Amino acid sequence: MKKPLKIIISGIGNRALPRDPLKSNWKGWVELINKMEEFHLVAAHDIDDSALKRTAELGYLKPQQLYRSLEKMLKNIDCDAILVSNPAQFHAQTIQAALERNLHMLVEKPFVSDVNEGKMLIREAKRRKIVMAVVQNWRYKDVGQLLRKAIKDNLIGGIGHIFFRYLRNRENPRYPSYIFREKSPLLYAMGIHHLDLFRYILDDDFASVSGNSFKPPWSFYKSDTGVNLFLKTKKGASVVYSGTISSLNNVIPQESLLIDGDMGSLVNESQWLEPPLYFYPKEKKEGINLSKEIKNTDIYTQYNIADQRILKNFYLAVVAGIKPACDASDALRSAVAVEACHSACQTGKTVYLRY
3 MKKPLKIIIS GIGNRALPRD PLKSNWKGWV ELINKMEEFH LVAAHDIDDS ALKRTAELGY
63 LKPQQLYRSL EKMLKNIDCD AILVSNPAQF HAQTIQAALE RNLHMLVEKP FVSDVNEGKM
123 LIREAKRRKI VMAVVQNWRY KDVGQLLRKA IKDNLIGGIG HIFFRYLRNR ENPRYPSYIF
183 REKSPLLYAM GIHHLDLFRY ILDDDFASVS GNSFKPPWSF YKSDTGVNLF LKTKKGASVV
243 YSGTISSLNN VIPQESLLID GDMGSLVNES QWLEPPLYFY PKEKKEGINL SKEIKNTDIY
303 TQYNIADQRI LKNFYLAVVA GIKPACDASD ALRSAVAVEA CHSACQTGKT VYLRY
């Protein structure tokens, strides 16, 4: 094996280092990187002193390896790559600073908040021959991989439509206040995962979208927290997407996915796209469990499996030149879709996507 990549992290929030590990759905980037032979974590940055303190207290890095200033970290630390895990509104400026250091990048979703800015950054990365991959972990989960294979292998025939429902309670007054100021939080926090998954498994792009948004009276959010969307893909499949992060439901699973083809259906009922995944042949009432060989199906393990796959794919993209499973250009197309959905809900008009 080649020598490990020296990597730094910008943003040590809950995704990188869970504040309450016993209740977390994932180990976090810091712990995973620390345990992988492909990487050597050499520094981290965050503007929150408590995040830096936790990182040092847990023994992942020494105090002199922790920075409140991104610029100082980039200036002082010799490294090969950066994991951008800070809030989305800071992604573009972090990426630009890393580009100037010629660092390879793994960026948390969404890649950037502004599509035109994203295009400019991608052009610069290509000019500098820098790997710029994006975390889209619904692709890397076992069910995401099985869905793509089933559709690619023509298991259910030609795709007619996808029905997807998402019901989550994200109305937690203990969350940081900035959470409740997010624009269209369902779309930008979770819709980006779901729409990207649909693009990935269908090997297709969205052509148009119409829809509306809503918010219940008990919501803490400034923006609408729910959407009803109707999307058409370039190959002609229909996607009906309905969801909210203000549901008080504690009975039925968060996610419900049904994909109908002319030879059968694929069905997944889950919290966060964990198994099982069932195939129902046309006119049959008994399903076939496509995920029966998967041993570790719990939420925590499935998240960590996906994150490890993302990190290993990024490593190989840098050292072996393979194409990232989700590069920035690919991720930007999902960002375009999210923007179009938001616009459709705001205007009440059908939006035709331009990439």
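Each position in the sequence shown, counted from 1, maps to that position plus 2 in the working numbering. Quick reminder that beta carbons are idealized off the backbone N, C-alpha and C, glycines included. Owing to the predicted nature of the structure, the values given are computational and were not obtained by experimental measurement.
Is there a Cβ from chain C that is less than 8 Å from the Cβ of residue i?
| i | result |
| --- | --- |
| L19 | The displayed structure is made up of one protein chain only, and chain C is not part of it. |
Out of the options, which has the shortest C-alpha to C-alpha gap to residue i?
| i | options | result |
| --- | --- | --- |
| E39 | T246, I9, K25 | I9 |
| K111 | D329, Y357, C347 | D329 |
| K143 | V353, N306, V338, K5 | N306 |
| N118 | C343, S345, K351, L334 | L334 |
| S207 | Y180, H196, T235 | The amino acid at residue 207 is misidentified as Ser; the sequence shows Asp. Closest by alpha carbon: T235. |
| F200 | D264, S336, I11, N36 | S336 |
| K351 | N16, G245, F232, L108 | F232 |
| S331 | V137, Q66, A18, I11 | V137 |
| K64 | V32, A18, A45 | A45 |
| S210 | M75, I161, V340, G15 | V340 |
| V241 | K224, G266, L259 | L259 |
| G266 | N252, P277, Y282 | Y282 |
| A191 | I312, Y168, P175 | Y168 |
Starting from residue i, trace the alpha helix (DSSP H) in both directions and tell me its first and last residue.
| i | result |
| --- | --- |
| F208 | Unbroken run through F208 is the beta strand (DSSP E), 208 to 216; no alpha helix (DSSP H). |
| E341 | 330 to 349 |
| I79 | First-last for I79: undefined, no H or E at that position. |
Considering just the uninterrupted stretch of the beta strand (DSSP E) at residue i, what are its terminal residues?
| i | result |
| --- | --- |
| F316 | Per DSSP, F316 belongs to no beta strand (DSSP E); it is in the alpha helix (DSSP H), 301 to 321. |
| R129 | No beta strand (DSSP E) contains R129, which is instead part of the alpha helix (DSSP H) from 117 to 130. |
| I365 | It is not possible to answer for residue 365, since the shown part of the chain is limited to 3 through 357. |
| R167 | 161 to 169 |
For residue i, count neighbouring Cβ atoms within 10 angstroms of its own Cβ and tell me buried if that reaches 16, exposed if not.
| i | result |
| --- | --- |
| S272 | buried |
| S52 | exposed |
| P23 | exposed |
| Y202 | buried |
| R21 | exposed |
| R183 | exposed |
| I254 | exposed |
| L250 | exposed |
| L60 | exposed |
Enumerate in chain order the residues of its own chain whose CB-to-CB distance from residue i is below 7 Å, with the five nearest sequence positions on each side excluded.
| i | result |
| --- | --- |
| F216 | D226, G228 |
| L188 | T227, G228, V229, G245, T246, I247 |
| G263 | I158, G159, G160, I161, G162 |
Which same chain residues end up closer than 8 Å to residue i when comparing Cβ atoms and leaving out the 5 residues on each side of it in sequence?
| i | result |
| --- | --- |
| R130 | L101, N104 |
| L355 | D207, F208, A209, S210, V211, V338, A339, A342 |
| G120 | A94, F113, V114, A330, L334, A337 |
Just checking my contact of residue i with residue j at CB under 8 Å: how many whole Å lie between their CB atoms?
| i | j | result |
| --- | --- | --- |
| L7 | L148 | Wrong, their Cβ atoms sit about 30 Å apart, outside the cutoff. |
| A346 | V338 | Actually they are not in contact, since the Cβ atoms of A346 and V338 sit about 13 Å apart, beyond 8 Å. |
| N88 | G13 | 3 Å |
For residue i, which residues of its own chain have a beta-carbon under 6 Å away from its beta-carbon, when the five flanking residues on both sides are left out?
| i | result |
| --- | --- |
| W140 | G146, H195, L199, L275 |
| Q67 | A45 |
| Y357 | R335, V338 |
| F222 | E173, F182 |
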